[in-house]
Amino acid sequence: KQEVTQIPAALSVPEGENLVLNCSFTDSAIYNLQWFRQDPGKGLTSLLLIQSSQREQTSGRLNASLDKSSGRSTLYIAASQPGDSATYLCSQGGSEKLVFGKGTKLTVNP
Amino acid sequence: NAGVMQNPRHLVRRRGQEARLRCSPMKGHSHVYWYRQLPEEGLKFMVYLQKENIIDESGMPKERFSAEFPKEGPSILRIQQVVRGDSAAYFCASSPEGPYEQYFGPGTRLTVT
């Protein structure tokens, strides 16, 4: 059974801090790993997609890595801002569907 | 290029009524996925469709739920005889082909009273 676990479930940091969100998955036959952001009562915004042949992807202050051998991905956020406050979801892409973790709720305090 | 469209954005139904949720994929996308997010739960896969075909419905409840993606028009997720436990956010995603990046719609929030 495919499972995705995200740690921590919640994180509160002061503005300006660098932080790391963790994601682990059980299925080594992964096609891709996708990180999303979800604001309360809103839809999902795709942040970064890492294909199985890649090790990392970067967009602005965000960097995501993928280690298939250990079944882990990390999302690094540099110089966090209050506007980064949201729930971050990690999803493992298989041949047909995405399997999601429960998310990490991030609060960045001014 | 408009994104994935879902309507309605909010839907209120009384117990026993039917709910119809619509999803228009991005232009050029022929693959549609439906996910459900229950309160305080993660997103769960429900069904994967291509035009006129259901590819994988392993996440669909066995009763009352059905989905279609006709040759013309949007994909429809239909819930018959809704119960309070069906209250959730239902998200649709599309991709040009599987397994590529999936693009999500804004969701339909169903409330059953």
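Protein sequences appear in the order of chains P and Y. Going left to right, the first sequence walks through residues 1 to 110 as the numbering used here numbers them. Going left to right, the second sequence walks through residues 1001 to 1113 as the numbering used here numbers them. Backbone N, C-alpha and C fix where the C-beta goes; we use that ideal spot for every residue, glycine too.
- With 16 or more neighbouring CB atoms inside 10 Å of its own CB, I77 of chain P falls in the buried class.
- Beta-bridge pairing by DSSP links P14 of chain P to P:N109.
- By the neighbour-count criterion, in which a residue is buried when 16 or more other Cβ atoms sit within 10 angstroms of its Cβ, P1025 of chain Y is buried.
- For H1029 of chain Y, no beta strand (DSSP E) encloses it, and the DSSP letter there is neither H nor E.
- Taking a cut-off of 8 Å for Cβ pairs, the segment 1004-1012 of chain Y and the segment 1093-1108 of chain Y touch, as three or more such pairs fall below it.
- Interface annotation, L44 of chain P: in contact with chain Y, CB-CB separation under 8 Å.
- Residues K105 of the same chain have their beta carbon placed closer than 6 Å to that of A10 of chain P, with the five preceding and five following residues left out of the count.
- Membership of A86 of chain P in the beta strand (DSSP E) is indicated by the continuous run A86 to G93.
- With its beta carbon at least 8 Å from every one in chain P, I1054 of chain Y lies outside the interface.
- For R1064 of chain Y, the three-state secondary structure derived from DSSP is coil.
- Taking C-beta atoms as the reference points, D1086 of chain Y and I1076 of chain Y fail to come closer than 8 Å.
- Around Y1048 of chain Y, the beta-carbon contacts reaching into chain P at under 7 Å are E96 and K97.
- A direct Cα-Cα distance of roughly 36 Å separates E1052 of chain Y from G71 of chain P.
- Fewer than three beta-carbon pairs drawn from the segment 31-50 of chain P and the segment 1010-1025 of chain Y are found closer than 8 Å, and the two stretches are therefore not classed as touching.
- Non-local C-beta neighbours of R1013 of chain Y in its own chain, meaning closer than 8 Å and more than five positions away in sequence, comprise A1019, V1082, L1110, T1111, V1112 and T1113, ordered along the chain.
- K1044 of chain Y: member of the beta strand (DSSP E) spanning L1043 to Q1050, first to last residue.
- Listed in chain order, the non-local C-beta contacts of P110 of chain P below 6 Å within the same chain comprise E15 and P82, local neighbours out to five positions each way being set aside.
- Excluding residues up to 5 positions away in sequence, M1046, V1047, Y1048 and A1067 lie with their Cβ nearer than 8 Å to the Cβ of E1057 of chain Y in the same chain.
- Cβ-Cβ distances below 6 Å link L1043 of chain Y to Y1035 and Q1037 in the same chain, with the five nearest sequence neighbours on each side left out; the list follows chain order.
- Scanning chain P for C-beta atoms nearer than 7 Å to the C-beta of Y1033 of chain Y yields K97, reported in chain order.
- Contact between A79 of chain P and N18 of chain P holds, since their C-beta atoms are separated by about 7 Å, short of 8 Å.
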